[in-house]
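Data block below; observations after.
Protein chains: 2
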Amino acid sequence: MTEASRHRDQLVRQLGRVFRERGYEGATLTALSRATGLGKASLYHHFPGGKAEMAEVLLRTAIADVQRLAFARLDGPEPPAARLERFVAGYQAYLEESGAPCLLGVLALGSARAVHGETLAAQFRDWRAALARVFEEAGAKPKRAARSAADVLDVLYGAQMVTALTGEPDHLQRAFKRLLRRFPR
Amino acid sequence: MTEASRHRDQLVRQLGRVFRERGYEGATLTALSRATGLGKASLYHHFPGGKAEMAEVLLRTAIADVQRLAFARLDGPEPPAARLERFVAGYQAYLEESGAPCLLGVLALGSARAVHGETLAAQFRDWRAALARVFEEAGAKPKRAARSAADVLDVLYGAQMVTALTGEPDHLQRAFKRLLRRFPR
DNA sequence: GACCCACTCGAACGTTCGTTCTGCTACTCT
DNA sequence: AGAGTAGCAGAACGAACGTTCGAGTGGGTC
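Just so you know, the sequences run in chain order A and B.
All you need for this note's numbering is the position in the first sequence, starting with 1, plus 313.
All you need for this note's numbering is the position in the second sequence, starting with 1, plus 313.
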């Protein structure tokens, strides 16, 4: 069980790398086969639904990872400011663990949006609300807290975009450092 | 001359819409043919280099549009704060005119990055430097100005990403409004 | 030893991809 | 009027796409 699930984990991670680098349409079965070392037919053994199922599993995995590594850290007994810092560090850890740019963004731009768009939208509205709650705990009024939450999401995903556009790997870390400066002290 | 170039302009705009919606790999010749109302062979009459040439023309057009509508407004005799505001309004106008999300981001994520990545990177470094100069004129020290410039780019592109992720069309305008609040008064 | 099931592969399927060939129309120039 | 050219489409090209098939492996259970 644990052996099989570890194998599966590695498989999903390898698939994710291809989808992140080439997008949904660009992730051809040939590329996925090469990246995993499995034949195309073997991939269909693990994902009978083909490419669409792979994307769906990847999407769910990515959502779970972001939730576990980042947004879950918004809760806890510590003061709001400390939790916000942990959250940013957690999101950074997610990007380092599974690789940038975030799969959710990549899949949201491709044709996966037509299928999973509403799932993603609902998830992000939830996450933004969770962020806003912490800003309110930190003393911000509701409107201001909502703005701050939206700001954080913009930077989180904008930094990944600009990193891809400028080709500067450390843009990401600098952006997150700048983000921390703006949090309530 | 003017009639032909207007026709060409419309053609480029229609092609851009497909590339923006579906990405480079997702923009199939069939979709491009349908969107323009031209047969595939006719598209090859206008772009002998095929899909690659279309993407290149689109990229150059997008860079020129962003330069003309947004970054060109950073220069002028007005005070720095006013120019920054004009810049944001200009970028917003660019997105409205040619449609969101910005083609540069879309192409930078696809396989066009391998070909045009360095062009895009150089252009964005230039634009960031231009932004930083204005912040310096507004009184910021070089390091702080550089941080503010990077911040602006992050929000500009992050807002587009989050808009796609949440499916809320007006997230973009709110993000730009929030950005204006943070400028030197 | 017989059976089974998870897993893998090479080879092929039909479809769609980007691209090219051929020829038609409409207009310009002389 | 006739030649030339820009613009366009239908049909087809080979290649690559996502997918499926049939035939194997190997380890675990009766």
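Cβ atoms here follow ideal geometry from the backbone N, Cα and C, with glycine treated the same way.
Distance between residue j and residue i (C-alpha atoms, nearest Å)
i: B/V447; j: B/T374; result: 25 Å
i: A/V468; j: B/G352; result: 42 Å
i: B/L408; j: A/R491; result: 26 Å
i: B/S461; j: A/A427; result: 35 Å
i: B/G430; j: B/G418; result: 11 Å
i: B/M474; j: A/D464; result: 12 Å
i: A/H484; j: B/A435; result: 14 Å
i: A/V379; j: A/Y404; result: 7 Å
i: A/E366; j: A/A421; result: 16 Å
i: B/R487; j: B/R494; result: 11 Å
i: B/S346; j: B/L356; result: 7 Å
i: B/V370; j: B/A317; result: 16 Å
i: A/P497; j: A/K456; result: 16 Å
i: A/A395; j: A/T432; result: 30 Å
i: B/L342; j: B/R326; result: 15 Å
i: A/R386; j: A/A344; result: 35 Å
i: A/L478; j: A/F437; result: 24 Å
i: B/I376; j: A/G350; result: 40 Å
i: B/R321; j: A/L466; result: 38 Å
i: B/F489; j: A/P482; result: 26 Å
i: A/R319; j: B/E338; result: 32 Å
i: A/G480; j: A/E391; result: 37 Å
i: B/T476; j: B/A354; result: 36 Å
i: B/E410; j: B/L372; result: 16 Å
Best match in the options for proximity to residue i [C-alpha to C-alpha]
i: A/P393; options: A/Y337, A/T476, A/E431, A/E450; result: A/E450
i: A/A445; options: A/R319, A/Q405, A/D388, A/M474; result: A/D388
i: B/G412; options: B/L420, B/R333, B/R495; result: B/R333
i: A/S424; options: A/G336, A/V325, A/A317, A/D464; result: A/G336
i: B/A348; options: B/E366, B/Y357, B/G339, B/L324; result: B/L324
i: B/A459; options: B/T476, B/W440, B/A477, B/G471; result: B/W440
i: A/A368; options: A/A340, A/S355, A/R381, A/A344; result: A/A340
i: B/F415; options: A/G471, A/E410, A/L433; result: Note that residue 415 of chain B corresponds to Cys in the displayed sequence, not to Phe. Taking only the C-alpha atoms, the option nearest B/C415 is A/G471.
i: A/A442; options: A/P390, A/F384, A/G480; result: A/F384
i: A/A406; options: A/P390, A/R381, A/E391; result: A/R381
CB contact check: residue i to chain B, cutoff 9 Å
i: A/S346; result: no
i: A/E338; result: yes
i: A/A470; result: For the record, residue 470 of chain A in the displayed sequence is Tyr; it is not Ala. For A/Y470, the answer is yes, since a Cβ of chain B falls inside 9 Å of its Cβ.
i: A/T349; result: no
i: A/A421; result: yes
i: A/H359; result: no
i: A/E369; result: no
i: A/D467; result: yes
i: A/P414; result: yes
i: A/T343; result: no
i: A/S424; result: yes
i: A/A383; result: no
i: A/R500; result: Examination of residue 500 of chain A is not possible in this model, given that chain A is present from 314 through 498 alone.
i: A/T479; result: yes
Proximity test, Cβ basis, 9 Å: residue i and chain A
i: B/L397; result: no
i: B/M474; result: yes
i: B/D464; result: yes
i: B/A354; result: no
i: B/D378; result: no
i: B/G329; result: no
i: B/L417; result: yes
i: B/R335; result: yes
i: B/R487; result: yes
i: B/A365; result: no
Open item on the list: Quick check on the DSSP output: what are the complete alpha helix (DSSP H) runs of length 4 or more inside the region 383-458 of chain A, in order along the chain?
Closed with: 393-411, 416-422, 425-450
- [ ] Determine, using beta-carbon pairs with one atom in the region 390-407 of chain A and one in the region 352-366 of chain A, whether at least three such pairs fall under 8 Å.
- [x] no
Open item on the list: Using 8 Å as the cut-off, can you tell me whether the region 452-459 of chain A makes contact with the region 325-332 of chain B, which would need three or more C-beta pairs spanning the two stretches below that distance?
Closed with: no
Open item on the list: I'd like the ranges of any alpha helix (DSSP H) spanning at least 4 consecutive residues and lying wholly in the region 362-386 of chain B.
Closed with: 364-382
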